[in-house]
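Asks: One structure coming up, written as structure tokens, with questions to follow.
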Amino acid sequence: MFATHADEPWHRCYRELAPKLLLFARQWMPSQADAEDVVQAAFVRFWKKHPTAEREHYPLLYAAVRTIALDTLRGNDRRIRRENAPEAEVPRDGDPCFDLAMEQAELAVAVDHSLRQLPGEQREVVVLKLWGDLTFQEIADMLGAPLNTVAARYRYALDKLRERMTTYERS
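Using the working numbering, you'd call the opening residue of the sequence shown number 14 and step up by one each time.
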């Protein structure tokens, strides 16, 4: 029996990780389209180095998304400075990072807003842990941070999110 296109390792990898990587990229990129470009570039870079797309290399995709997003932002900042455009602040989409059902739109906006208010290091760990399905060890290795630091960032972030969402629910 012949394997179908959908059975190929790279196809499974893309199907499993693309939505998670897109959410991860959105924390830096000003729009959904920019985040999609970053994820696409990360997959291309990943597949050139790891064409068999083994699960053990998945954390490298997150590292590639992070690197490409930050490089893109730095490049944009340099371009803006070169153009001397004082009003060139990169606008952020008002759209939350989630697929929205009508009845959940308000909650998703509140969660998205709360996530964006977290310090970058904490937000990054939460997104990698909850939506990226990475272990604390994989996150620590990817960020080059001690395991205890990563776990503490996660714990502090969850405490802040819990507090903000409790405040939201009361209002």
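Think of the CB as a built atom: it goes at the ideal place given N, C-alpha and C, for glycine as much as any other residue. Given the structure is predicted, the values throughout are model-derived calculations rather than measurements.
Measure from the alpha carbon of L83 to the alpha carbon of each residue in A48, L120, P22, then state which is nearest.
Replies: Residue A48 is the option with its Cα nearest to L83.
Asks: Using a threshold of 8 angstroms, state whether the C-beta atoms of L73 and F59 are closer than that.
Replies: yes
Asks: Would the beta-carbon of V140 be found less than 7 angstroms away from any heavy atom of the ligand GDP?
Replies: With respect to small molecules bound, the structure shown includes none, and the ligand GDP cannot be examined in it.
Asks: Nearest to C26 by alpha carbon, out of A170, E67, Q45?
Replies: Of the candidates A170, E67, Q45, the one whose C-alpha sits nearest the C-alpha of C26 is E67.
Asks: Per DSSP, what kind of secondary structure is M42 in: helix, strand or coil?
Replies: coil
Asks: What is the residue span of the alpha helix (DSSP H) that D154 lies within?
Replies: 149-156
Asks: Starting from E137, trace the alpha helix (DSSP H) in both directions and tell me its first and last residue.
Replies: 133-139
Asks: Beta-carbon within less than 7 angstroms of V78's beta-carbon, same chain only, minus the 5 sequence neighbours each way: which residues are those?
Replies: L34, F37, A38, V51, V52, A55
Asks: In chain order, what residues of the same chain have a beta carbon less than 6 angstroms from the beta carbon of E100, not counting five sequence neighbours either side?
Replies: Because E100 sits at a pLDDT of 47, beneath the cut-off of 50, its placement in the model cannot be relied upon, and the point is left open.
Asks: Let's see if you can read the secondary structure: which residues bound the alpha helix (DSSP H) around D146?
Replies: Taken as a continuous stretch (DSSP letters only), D146 belongs to no alpha helix (DSSP H), as it is neither H nor E.
Asks: If I152 sits next to L143, beta carbons under 8 angstroms apart, how far is it from one beta carbon to the other, in whole angstroms?
Replies: Their Cβ separation, rounded to whole angstroms, is 11 angstroms, which puts I152 and L143 out of contact at 8 angstroms.
Asks: Determine the DSSP secondary structure at P32, reduced to helix, strand or coil.
Replies: helix
Asks: Within this structure, are the beta carbons of V138 and L128 separated by less than 8 angstroms?
Replies: no
Asks: Below 8 angstroms on the Cβ atoms is my contact criterion, and I expect Q40 with R136 to pass it. Report the Cβ-Cβ distance as a whole number of Å.
Replies: 6 angstroms
Asks: Taking DSSP as the reference, what is the three-state secondary structure of H24?
Replies: helix
Asks: Under 8 angstroms Cβ to Cβ from Q150, same chain only, skipping five residues before and after it: list those, please.
Replies: Cβ neighbours of Q150 within its own chain (closer than 8 angstroms, five residues either side excluded): L160.
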